[in-house]
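A short worksheet on the structure shown next.
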Amino acid sequence: MKHLIAPSVLAANYRNLQADFDMVNRSEADWYHVDVMDGRFVPNISFGMFIVEFMKKMATKPLDVHLMILEPEKYIEDFRKAGAEVITVHYEACPHLHRTIQQIKETGAKAGVALNPHTPVSLLSEVIEDLDMVLLMSVNPGFGGQKFIYNTIPKIQQLREMITTKNTSTLIEIDGGVGLQNAEEILRAGANVLVAGSSVFGSANPSETIAKLKAIGKDEVWV
Ligand code: DX5
Ligand code: ZN
Numbered sequence: 075m076k077h078l079i080a081p082s083v084l085a086a087n088y089r090n091l092q093a094d095f096d097m098v099n100r101s102e103a104d105w106y107h108v109d110v111m112d113g114r115f116v117p118n119i120s121f122g123m124f125i126v127e128f129m130k131k132m133a134t135k136p137l138d139v140h141l142m143i144l145e146p147e148k149y150i151e152d153f154r155k156a157g158a159e160v161i162t163v164h165y166e167a168c169p170h171l172h173r174t175i176q177q178i179k180e181t182g183a184k185a186g187v188a189l190n191p192h193t194p195v196s197l198l199s200e201v202i203e204d205l206d207m208v209l210l211m212s213v214n215p216g217f218g219g220q221k222f223i224y225n226t227i228p229k230i231q232q233l234r235e236m237i238t239t240k241n242t243s244t245l246i247e248i249d250g251g252v253g254l255q256n257a258e259e260i261l262r263a264g265a266n267v268l269v270a271g272s273s274v275f276g277s278a279n280p281s282e283t284i285a286k287l288k289a290i291g292k293d294e295v296w297v
């Protein structure tokens, strides 16, 4: 399958969000990556469902909502109502992960689980069949514009192996420090979805950067 590009709106211009949404709507991007932070699970606060609802009104592409919050089970229905098509919770924030995954699916959203850089992929072996997506954090969550942690590459390979062995169609999304300089290596390791915040919105021509990220490996199928 052709990989997906999900620009992270955390890096957009909040004085004129509509302009950035218009750009992404017209671009070759596939999804919007939407980072929700609570100042508890991560040391930063972004925005909640009220803002996601407005993003939904501006977006013509699916919202991929990444919940970096404690007790995400309390808010899953709210984010679904606000317009999330994909809802991702953190492994580290879910003592009853199996139940939380089912809860996401019951809302009709696609279910994702995110792993922090220190969390091994093997911890997902008992739930992988239930997951539409695994998000591997390639920076410590909380802020945009950080440097890609290289150990993510072997984690992608391990996860790809697990998905192949279990014969599931789970997507692998990579989040943090992704740009034109490392996207090809990430895709070759087995990823399907690239989140890109500062490398897109901080570039001179964001829609061209999206097109370039989308065009990588055009004629090759890696996974
Ligand atoms: C980090 C967020 C990322 C962030 C990525 O906590 O989960 O989605 O927006 O930003 P860049 O692409 O700038 O590293
Ligand atoms: Zn994210």
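Here the sequence shown is numbered in the working numbering, starting from 75 and rising by one per residue. Cβ coordinates follow ideal geometry from the N, Cα and C atoms, glycine included.
Between which two residues does the beta strand (DSSP E) containing residue i stretch?
i    : result
I143 : Neither: I143 is in no beta strand (DSSP E) and is coded neither H nor E.
L197 : That residue, L197, is in no beta strand (DSSP E); it is neither H nor E in DSSP.
M111 : 106-111
E159 : 158-164
A80  : 78-81
K184 : 184-189
L287 : Counting along the chain, L287 falls outside any beta strand (DSSP E), though it belongs to the alpha helix (DSSP H) covering 280-289.
Excluding the 5 residues preceding and the 5 following residue i in the sequence, name in chain order all residues of the same chain whose CB lies nearer than 6 Å to its CB.
i    : result
Q232 : V195
L84  : D109, G218, G271
D138 : A80, W105, H107, V160
M142 : M111, F115, V116, P215
G251 : S212, V213, Q220, K221, F222
I237 : T244
L189 : Y165, L210
L144 : R114, F115, A167
E102 : I284, A285, K288
Suppose the cutoff is 7 Å on Cβ atoms and the five residues either side in sequence are ignored; what does the same chain contact list for residue i look like?
i    : result
N118 : M111, G216, F217
E127 : A156, G157
Q92  : M132
T181 : I150, E151, R154
E147 : T174, Q177
Looking at C-alpha atoms only, which residue of the options is the closest neighbour of residue i?
i    : options                : result
A183 : L91, R154, P280        : R154
F115 : V163, E151, T181       : V163
T134 : E145, R100, I143       : R100
N266 : L209, I223, N90        : L209
V201 : E180, T242, E247, K288 : T242
N87  : G276, K148, G291       : G276
Residue i lies in the alpha helix (DSSP H); which residues open and close that run?
i    : result
I202 : Run containing I202: none; DSSP gives neither H nor E here.
V126 : 123-132
M97  : 91-100
With a threshold of 7 Å between beta carbons, is residue i in contact with chain D?
i    : result
R154 : Absent from the structure is chain D; it holds one protein chain and no more.
For residue i, which residues in the same chain have their Cβ closer than 8 Å to its Cβ, ignoring the five residues on either side in sequence?
i    : result
G291 : H77, E258, L261, R262
Could you give the uninterrupted runs of the alpha helix (DSSP H) lying entirely in the stretch 213-272, keeping only those of 4 residues or more? Counting only runs of 4 or more, we get 226-240, 257-263.
Distance cut 5 Å, beta-carbon to the ligand ZN heavy atom: residue list by chain order: That gives D109, H140, D249.
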